[in-house]
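**Q**
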Amino acid sequence: MDTGELGALLGSVSRLYLVLFVIAVYLVTARLRQYYRLSHFQGPTTTGISWWWHSKAVLSGQAQRFYGDVTEKYGPIARVSPEHLITSDPELWAHINGIRSPYRRAPWYYHAARFEPGKDNVFTECDNERHNVRRRKMYAGYSGKENPTLEPSIDGHVQELIQLVQTYAAQPALTTPFKAMDLAQKIPFFTLDVISHIGLGTPFGNLISNKDVNDYLKSSEEGLKIGNTAFGMGLGWMRETPIIGPAISPSEKDLTGYGRMMHEARKIVDARRLKSTEGKSDMLASFIRNGVSGDDLFQEAFEQIVAGSDTTAAAIRIILFYITTHPRVYAKLQAEIDEAVKSGAAPASPNVIPDTEARKLRYLGAVVREGMRVHPPVVNLFSRIAPDAGDVVTVQGKEYFIPGGTMIGYSAWSMHRNNTSLYGDDAAVFRPERWFVDESNPAEKGRLKEMIETNDMIFGYGRWVCLGKNIALIEVHKCVFELLRHFDLALSNPAEPWKTHNSLGLWEIKDMWVNVTARP
Numbered sequence: 022m023d024t025g026e027l028g029a030l031l032g033s034v035s036r037l038y039l040v041l042f043v044i045a046v047y048l049v050t051a052r053l054r055q056y057y058r059l060s061h062f063q064g065p066t067t068t069g070i071s072w073w074w075h076s077k078a079v080l081s082g083q084a085q086r087f088y089g090d091v092t093e094k095y096g097p098i099a100r101v102s103p104e105h106l107i108t109s110d111p112e113l114w115a116h117i118n119g120i121r122s123p124y125r126r127a128p129w130y131y132h133a134a135r136f137e138p139g140k141d142n143v144f145t146e147c148d149n150e151r152h153n154v155r156r157r158k159m160y161a162g163y164s165g166k167e168n169p170t171l172e173p174s175i176d177g178h179v180q181e182l183i184q185l186v187q188t189y190a191a192q193p194a195l196t197t198p199f200k201a202m203d204l205a206q207k208i209p210f211f212t213l214d215v216i217s218h219i220g221l222g223t224p225f226g227n228l229i230s231n232k233d234v235n236d237y238l239k240s241s242e243e244g245l246k247i248g249n250t251a252f253g254m255g256l257g258w259m260r261e262t263p264i265i266g267p268a269i270s271p272s273e274k275d276l277t278g279y280g281r282m283m284h285e286a287r288k289i290v291d292a293r294r295l296k297s298t299e300g301k302s303d304m305l306a307s308f309i310r311n312g313v314s315g316d317d318l319f320q321e322a323f324e325q326i327v328a329g330s331d332t333t334a335a336a337i338r339i340i341l342f343y344i345t346t347h348p349r350v351y352a353k354l355q356a357e358i359d360e361a362v363k364s365g366a367a368p369a370s371p372n373v374i375p376d377t378e379a380r381k382l383r384y385l386g387a388v389v390r391e392g393m394r395v396h397p398p399v400v401n402l403f404s405r406i407a408p409d410a411g412d413v414v415t416v417q418g419k420e421y422f423i424p425g426g427t428m429i430g431y432s433a434w435s436m437h438r439n440n441t442s443l444y445g446d447d448a449a450v451f452r453p454e455r456w457f458v459d460e461s462n463p464a465e466k467g468r469l470k471e472m473i474e475t476n477d478m479i480f481g482y483g484r485w486v487c488l489g490k491n492i493a494l495i496e497v498h499k500c501v502f503e504l505l506r507h508f509d510l511a512l513s514n515p516a517e518p519w520k521t522h523n524s525l526g527l528w529e530i531k532d533m534w535v536n537v538t539a540r541p
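Next up, the structure:
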């Protein structure tokens, strides 16, 4: 090698080192800028420079506890990554989610929940205006205004659930052995049949078959776990790439599972799109009448099936879990249910209590609220992005500046379960009686109002309040009432009552085995 070639080689190496040095300086500068932008917020040691703490929380399957602990330790606004804050303050969360709020959904979080790469539904849409347009088109279908058969359809599946549980029930004399039943499995059969019926007009038939038809529920759980792992490892972006995304996503060509469920739903949607909606009164017909069209119609129909089933099933299982682990509450609630039957407020079996009558039962209402408070059925981050100009907020008497573009989510665990300032020192305890206060006392009446407003945030707030809230509550009240009217439920293994795993804020609940006794 002559002198000229050696000089050229050294020059190339020097330029390479220079480029690498410039890149390193840029990365370090960018990371330091990230760190200092939110340095006035406290959080675990590594959260200012790394996503490691947050990844560990997500991958644990118990992220809600990590979020709860961090706000308990560092205050009502805490840092959980270089770019993300989390709050447990109801007033701040209401401000962020208000109807005219300049905050917007964070694609980092919501696009991880898309069913198909690049395609949005009302839950994953991050553009505020497009989201508002979608909601307006779908509101009538979810509210039941265009679906007079909504409640009778739910009643039919409540009856099927009771008939199914009856096959596991021992008689009061207990002359034969118990036949244990996995309540964690049967409740999703019910909620998926309800939402497929009122949403698509055709129930999937899980209750009648007493099985997970085509492995829809199994595949949904597996899909959520895969999505949660990708999200926790920072690989969610892969699903949005043109080649990798479709390859790792469910396909409608799949013979079973999530892809098969998409295929069946699309067949129903495509067939209904070509027909008149006159005479049809389900949610799909309402969507069509109100202008939901094209692929948006499939995305919205499928989203309501998956989200509407999973979240409501979690709520029912959680409430029943806390009832069965608190004998005092169980006896008191069952006495109220028996009185409602005796007084005629509930019709004779096999007819199902009307929603209007179920909502009048004060203790049932308190049990439902308390169950969802002490163990929220949805523990999503619901990440939002602060407006470009930033936002000055006052939280518990202290002023904070949230820089523009900062992501902020909420901690369901600490806002609801651990909120001792609102719910009392025993906030972590399941005690439905906390919802009964002396309303002649203005201070107590005001506190009850604040408790209810905070508890309602379990279903979202303002611009993003859950469209399916009313349907979910109808299912919850009827299901709890009728199960306790007909049966006595006892956990088969109180030492290990269930298994739970949080994936993307939704609960996988398994092995909730119960012994069922028919009531005379």
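Going letter by letter, the sequence shown gives residues 22 to 541 in our numbering.
In this text, a Cβ means the ideal position worked out from N, Cα and C, and glycines have one as well.
#1: Would you mind listing the alpha helix (DSSP H) stretches within the region 426-507 that are 4+ residues and don't spill past its ends, in chain order?
#2: Can the beta-carbon of Val389 be found closer than 8 Å to that of His507?
#3: Three-state secondary structure (DSSP) at Tyr47?
#4: Any idea if Gln85 is buried or exposed, counting beta-carbon neighbours within 10 angstroms, 16 or more meaning buried?
#5: Who are the Cβ neighbours of Val486 in its own chain at under 7 Å, not counting the five residues just before and after it?
#6: Can you list, in chain order, the residues of its chain whose CB lies under 6 Å from that of Tyr47, leaving out five sequence neighbours each side?
#7: Closer than 6 Å by C-beta to Ser174: which residues in its own chain qualify, once you throw out the five before and the five after it? Chain order, please.
#8: Please state if the CB of Gly329 and the CB of Ile492 are separated by a distance shorter than 8 Å.
#9: Using a threshold of 7 Å, is the CB atom of Gly96 nearer than that to any non-hydrogen atom of the ligand PLP?
#10: With a CB to CB cut of under 7 Å and the five nearest residues on each side skipped, what residues in its chain are close to Asn227?
#11: Put Met304 into one of helix, strand or coil per three-state DSSP.
#12: Taking its Cβ as the centre, do 16 or more other Cβ atoms sit within 10 Å of Tyr13, making it buried, or is it exposed?
#13: Measuring straight from C-alpha to C-alpha, what distance separates Ile340 and Gly386?
#14: Just verifying my parser: in three-state terms, what is the DSSP assignment at Ser71?
#15: Opposite Ile530 in the DSSP bridges: which residues?
#16: When you compare each of Leu505, Asp459, Pro424 and Pro271 to Asp359 by their alpha carbons, which one comes out closest?
#17: Determine, using beta-carbon pairs with one atom in the region 100-107 and one in the region 56-71, whether at least three such pairs fall under 8 Å.
#18: Below 7 Å CB to CB, which residues in the same chain sit around Pro453 once its five sequence neighbours on both sides are set aside?
#19: Pick out whichever of Leu204, Ala99, Glu181 and Gln83 has its Cα sitting closest to the Cα of Pro518.
#20: Mind checking which residues open and close the alpha helix (DSSP H) that includes Val91?
#21: Can you name the start and end residues of the alpha helix (DSSP H) that Asp214 belongs to?
**A** With the given structure in hand:
#1: 441-444, 463-477 and 490-507
#2: Within the sequence shown, numbered from 1, the residue matching residue 389 stands at position 368. Within the sequence shown, numbered from 1, the residue matching residue 507 stands at position 486. It is not a contact, given that the beta carbons lie outside the stated cut-off.
#3: Within the sequence shown, residue 47 is the residue found at index 26, counting from 1. Low confidence applies here, because Tyr47 scores a pLDDT of 49, under 50, leaving its location unreliable; read the following figure in that light. If DSSP states are grouped into helix, strand and coil, Tyr47 belongs with the helices.
#4: For this step, residue 85 is matched to residue 64 along the sequence shown. So Gln85 ends up on the buried side.
#5: Locating residue 486 in the sequence shown gives position 465, counting from the first residue. Closer than 7 Å at Cβ, skipping near neighbours: Phe480.
#6: On the sequence shown, position 26 is the one that residue 47 refers to. Bear in mind that the predicted position of Tyr47 carries a pLDDT of just 49, short of 50, making it unreliable; the figure below should be weighed with that in mind. Counting only Cβ-Cβ distances below 6 Å, and skipping sequence neighbours, we find nothing.
#7: To locate residue 174, count along the sequence shown from 1; it is residue 153. Hits under 6 Å: His218 and Ile219.
#8: For the purposes of this step, residue 492 is taken as the residue at position 471 of the sequence shown. For the purposes of this step, residue 329 is taken as the residue at position 308 of the sequence shown. It is a contact, given that the beta carbons lie within the stated cut-off.
#9: Absence of the ligand PLP is noted for the structure shown, with no ligands found whatsoever.
#10: Here the question's residue 227 lines up with position 206 in the sequence shown. For Asn227, where only same-chain residues beyond five positions count, the Cβ hits under 7 Å are Phe210, Leu213, Asp214, Asp233 and Val234.
#11: If you number the sequence shown from 1, residue 304 lands on position 283. In the structure shown, Met304 sits in a helix (DSSP, three-state: H, G or I).
#12: Lying outside 22 to 541, the shown extent of the chain, residue 13 is not represented and no answer is given.
#13: Position 319 of the sequence shown, counting from 1, holds the residue named residue 340. Position 365 of the sequence shown, counting from 1, holds the residue named residue 386. Spanning the two alpha carbons is a distance of roughly 11 Å.
#14: Reading the sequence shown from its first residue, position 50 is the one you call residue 71. Of the three classes helix, strand and coil, the one that applies to Ser71 here is coil, per DSSP.
#15: Against the sequence shown, residue 530 aligns to sequence position 509. Paired residues: Thr521.
#16: One-based indexing of the sequence shown puts residue 359 at position 338. A check of alpha carbon separations from Asp359 across Leu505, Asp459, Pro424 and Pro271 identifies Leu505 as the nearest.
#17: Touching, yes.
#18: Here residue 453 refers to the residue found at position 432 when the sequence shown is read from its first residue. Contacts found: Val350, Tyr384, Ala387, Val388 and Glu391.
#19: On the sequence shown, residue 518 is found 497 positions in, with the first residue counted as 1. When only C-alpha atoms are compared, the closest one is Leu204.
#20: Position 70 of the sequence shown holds residue 91. Its alpha helix (DSSP H) spans residues Ala84 to Tyr95.
#21: By one-based count along the sequence shown, residue 214 stands at place 193. Run containing Asp214: Leu204 to Leu221, per the alpha helix (DSSP H) assignment.
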